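The sequence shown runs 56 to 441 under the numbering used here. Down below is the structure, laid out as structure tokens.
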Amino acid sequence: MKIGIYKIVSSLHDQNIIDVNTKVFISSIEEELGKSFSFINKEQIKDFDLVLVLIQSGGSENQFKKIYKELPKPYLLLTYGSNNSLAASMEILSFLHNNRLEGEILHGSTSYIVKRIKHHLDSKKKVYHRLGVIGRPSDWLISSNVDYNYVKEKLGIELVNISLNELIDNYKNVEGDKIEFDSSFSKVEVDKALDLHKALVKIKEDYSLNGLTLRCFSLLNKIKTTGCLGLALLNKEGITATCEGDIPTMLSMHICNMVMGNPGFQANPSRIDLEKNEIVFAHCTIPLNMISSPRFMTHFESGIGVALRGDLDLTKVTIFKLGSDLKSYFVETGEIVENLQEDNLCRTQIKIKMDNLESFLTNPKGNHHVIIYGDHKKALIDFLEK
Numbered sequence: 056m057k058i059g060i061y062k063i064v065s066s067l068h069d070q071n072i073i074d075v076n077t078k079v080f081i082s083s084i085e086e087e088l089g090k091s092f093s094f095i096n097k098e099q100i101k102d103f104d105l106v107l108v109l110i111q112s113g114g115s116e117n118q119f120k121k122i123y124k125e126l127p128k129p130y131l132l133l134t135y136g137s138n139n140s141l142a143a144s145m146e147i148l149s150f151l152h153n154n155r156l157e158g159e160i161l162h163g164s165t166s167y168i169v170k171r172i173k174h175h176l177d178s179k180k181k182v183y184h185r186l187g188v189i190g191r192p193s194d195w196l197i198s199s200n201v202d203y204n205y206v207k208e209k210l211g212i213e214l215v216n217i218s219l220n221e222l223i224d225n226y227k228n229v230e231g232d233k234i235e236f237d238s239s240f241s242k243v244e245v246d247k248a249l250d251l252h253k254a255l256v257k258i259k260e261d262y263s264l265n266g267l268t269l270r271c272f273s274l275l276n277k278i279k280t281t282g283c284l285g286l287a288l289l290n291k292e293g294i295t296a297t298c299e300g301d302i303p304t305m306l307s308m309h310i311c312n313m314v315m316g317n318p319g320f321q322a323n324p325s326r327i328d329l330e331k332n333e334i335v336f337a338h339c340t341i342p343l344n345m346i347s348s349p350r351f352m353t354h355f356e357s358g359i360g361v362a363l364r365g366d367l368d369l370t371k372v373t374i375f376k377l378g379s380d381l382k383s384y385f386v387e388t389g390e391i392v393e394n395l396q397e398d399n400l401c402r403t404q405i406k407i408k409m410d411n412l413e414s415f416l417t418n419p420k421g422n423h424h425v426i427i428y429g430d431h432k433k434a435l436i437d438f439l440e441k
């Protein structure tokens, strides 16, 4: 893998003298790492697998500020023990953190710096899964943006943006047999929902995806159907599939698939009773292999298309949600005590008895959560903390 060094130095310093001062430092790292570095300009950044930002002197903070948006994330600030290199790097890293950007100062012994560089090289190689973002997150998910590069770095998951129009084109040109359902629900509506499932499968195959999230509400006006059934089928087939373009929820569900091999129920908290320690979750799609007696209904908010209602097992469950910063998370166990059928909620509804409900009101991780059968709290925490 190619490693580039982008140099930043204050205009008060003589670049030639600074280069001489840092030559021995850089050479020692190259020797222990067993790789040579290339000094690069900003036009060459895209050609390198890993870019180290060499902070050559103090007073270079504003030089960094002018260029930082063109540098790759996370920001790896390479520093040494003279010319106020470390002090400038600390100011720069504070600036990055104030702007909710990830960075790290590479400073200390040669062996420590080499160890950290190897870690970041390994992270670049560690792309195990690809997840598609079809459309973009729904407009109301205002706390659900993620840093794509950090997702790749931390979880080994590559996020791929895919146009909603490409899915719609697939939908309009589907071919082949459909899955048969024994249902009294409108066959026309079921066929439309199944066509969308086939269109999603084609997207999955064309982009070699392990999962996807869909900006489904934008389909209501464009093709007059919903993604609820298609997503339910994909989850049953072992493909992580979430709705509303919710990336943190897609990541949460995919982690469940990676760690436990089980899909989850993406659902909204709808009602909380702190005195009884009960919470109601509801949504219009659920993996078909999580419910018994599935029934087709119209989508709750729009009244069109196909949504799912089904009964979940009255058993122990784990409720999980990864925060959009990929550092914070909610994970707790509870027990499903009742399946509900209320008219003013999304179609599949459950009541769960659990502790720690106050955190939903004081420190929520967005609206959607993922509910999986069984007690997997320790397994999830171990995965997230490793």
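The beta carbon of each residue, even a glycine, is placed where N, CA and C say it ideally should be. Only a predicted model underlies this, so the values are computations on that prediction, with no experimental measurement involved.
From ASP328 to SER414, what distance separates their C-alpha atoms? One Cα belongs to ASP328, the other to SER414, and the distance between them is close to 13 angstroms.
Here's the rule: buried if 16 or more other CB atoms are within 10 angstroms of the residue's CB, otherwise exposed. What is ASP250? ASP250 should be labelled buried.
Proximity to MET145 [Cα-Cα], best of LYS179, ILE110, GLN118, LYS121: Of the listed residues, the one whose Cα sits closest to MET145 is ILE110.
For ILE426, collect the residues of the same chain with a Cβ closer than 7 angstroms to its Cβ; drop the 5 residues on either side in sequence, then sort them by chain order. Take ILE426, set aside five residues on each side of it, and the residues of its chain with a beta-carbon closer than 7 angstroms to its own are GLY319, PHE320, ALA322, PHE336, VAL372, ILE374, in chain order.
Let's see if you can read the secondary structure: which residues bound the beta strand (DSSP E) around ASN394? From DSSP, the beta strand (DSSP E) with ASN394 extends over 384-395.
Whether LYS432 touches GLU390 by CB criterion (9 angstroms): The beta carbons of LYS432 and GLU390 sit no closer together than 9 angstroms.
Report yes or no: do three or more beta-carbon pairs, one from the segment 344-360 and one from the segment 274-294, lie closer than 8 angstroms? Yes, the segment 344-360 touches the segment 274-294.
So, do the segment 293-301 and the segment 254-274 have three or more beta carbon pairs nearer to each other than 8 angstroms? They touch, by the three-pair rule.
Relative to the C-alpha of PRO129, which residue among LYS382, SER239, TYR205 is closest? Cα-wise, what sits closest to PRO129 is TYR205.
Give, in chain order, every unbroken run of the beta strand (DSSP E) that is at least 3 residues long and sits entirely within the segment 109-144. At a cut-off of 3 residues, the continuous stretches assigned as beta strand (DSSP E) that sit fully inside the segment 109-144 are 130-133.
Tell me, please, whether the segment 218-231 touches the segment 139-158 by the rule of three or more beta-carbon pairs shorter than 8 angstroms. Taking 8 angstroms as the limit for Cβ pairs, the verdict is that the segment 139-158 does not touch the segment 218-231.
Provide the residue(s) that pair with CYS298 in DSSP beta bridges, ordered along the chain. CYS298 is bridged to LEU269.
For ASN216, write down the residues that DSSP places opposite it in a beta bridge. BP columns for ASN216 point to VAL188.
Collapsed DSSP secondary structure at ASP437 in the structure displayed: Looking at ASP437 - three-state DSSP - the assignment turns out to be helix.
Please return the same chain residues whose Cβ sits closer than 8 angstroms to the Cβ of GLN118, not counting the five positions on each side in sequence. Non-local C-beta neighbours of GLN118 in its own chain, meaning closer than 8 angstroms and more than five positions away in sequence, comprise ILE63, VAL64, SER65, SER66, ordered along the chain.
Give me the Cβ distance between ILE189 and LEU219, rounded to the nearest whole Å; I'm assuming they're in contact under 8 angstroms. Indeed, because the Cβ distance is near 6 angstroms, the residues count as touching under 8 angstroms.
With a threshold of 9 angstroms between beta-carbons, can LEU269 be considered close to chain E, or not? Reference to chain E is not applicable here, since this structure consists of a single protein chain.
Any idea which residues DSSP pairs ASN323 with across the strands? Partner(s): ALA337.
Taking the continuous beta strand (DSSP E) assigned at HIS252, which residues delimit it? Element bounds for HIS252: not the beta strand (DSSP E) but the alpha helix (DSSP H), 242-261.
THR165 - DSSP class collapsed to helix/strand/coil: Looking at THR165 - three-state DSSP - the assignment turns out to be helix.
Name the two residues that bound the continuous alpha helix (DSSP H) containing VAL206. Annotation for VAL206: the continuous alpha helix (DSSP H) segment containing it runs 203-210.
Assuming contact is defined by CB atoms lying nearer than 9 angstroms, are ILE58 and PHE92 in contact in what I supplied? In contact: ILE58 and PHE92 (Cβ atoms closer than 9 angstroms).
In the DSSP assignment, find the alpha helix (DSSP H) that holds PHE236 and state where it starts and stops. Element bounds for PHE236: n/a, residue is neither H nor E.
Take the Cβ of PHE385 as the centre, count every other Cβ of all protein chains shown within 10 Å, and call the residue buried at 16 or more, exposed below. Buried, because 16 or more other Cβ atoms sit within 10 Å of the Cβ of PHE385.
Using only the alpha-carbon positions, how far apart do ASP437 and GLU86 sit? The alpha-carbon atoms of ASP437 and GLU86 are separated by roughly 36 angstroms.
Just checking my contact of VAL108 with LEU132 at CB under 8 angstroms: how many whole Å lie between their CB atoms? The pair is a contact, with the Cβ atoms about 5 angstroms apart (cut-off 8 angstroms).
Classify VAL79: buried if its beta carbon has 16 or more other beta carbons within 10 angstroms, exposed otherwise. VAL79 sits exposed, since fewer than 16 C-beta atoms from the chains shown fall within 10 Å of its C-beta.
Across which residues does DSSP place GLU157 in a beta bridge pair? Under DSSP, GLU157 shares a beta bridge with no residue.
Hey, quick one: how far does the alpha helix (DSSP H) through VAL79 stretch, first residue to last? Its alpha helix (DSSP H) spans residues 70-88.
Is it buried or exposed, GLU116, if we count other Cβ atoms within 10 angstroms and call 16 or more buried? By the 10 Å Cβ count, GLU116 comes out buried.
For PHE150, three-class secondary structure by DSSP: PHE150 falls in the helix class under three-state DSSP.
In its own chain, which residues sit with a C-beta less than 6 angstroms from the C-beta of LEU264, not counting the 5 before and 5 after it? Excluding sequence neighbours, LEU264 sits near ARG185, GLY187.
In angstroms with no decimal places, state the Cα-to-Cα distance between GLU235 and ILE310. The straight-line gap separating the alpha-carbon atoms of GLU235 and ILE310 is approximately 31 angstroms.
For SER348 and ASP366, which I take to be in contact (beta-carbon distance under 8 angstroms), what is that distance rounded to the nearest angstrom? Indeed, because the Cβ distance is near 6 angstroms, the residues count as touching under 8 angstroms.
So, for ASN312: in the same chain, excluding its five sequence neighbours on each side, which residues have a beta-carbon less than 6 angstroms away from its beta-carbon? Counting only Cβ-Cβ distances below 6 angstroms, and skipping sequence neighbours, we find THR295.
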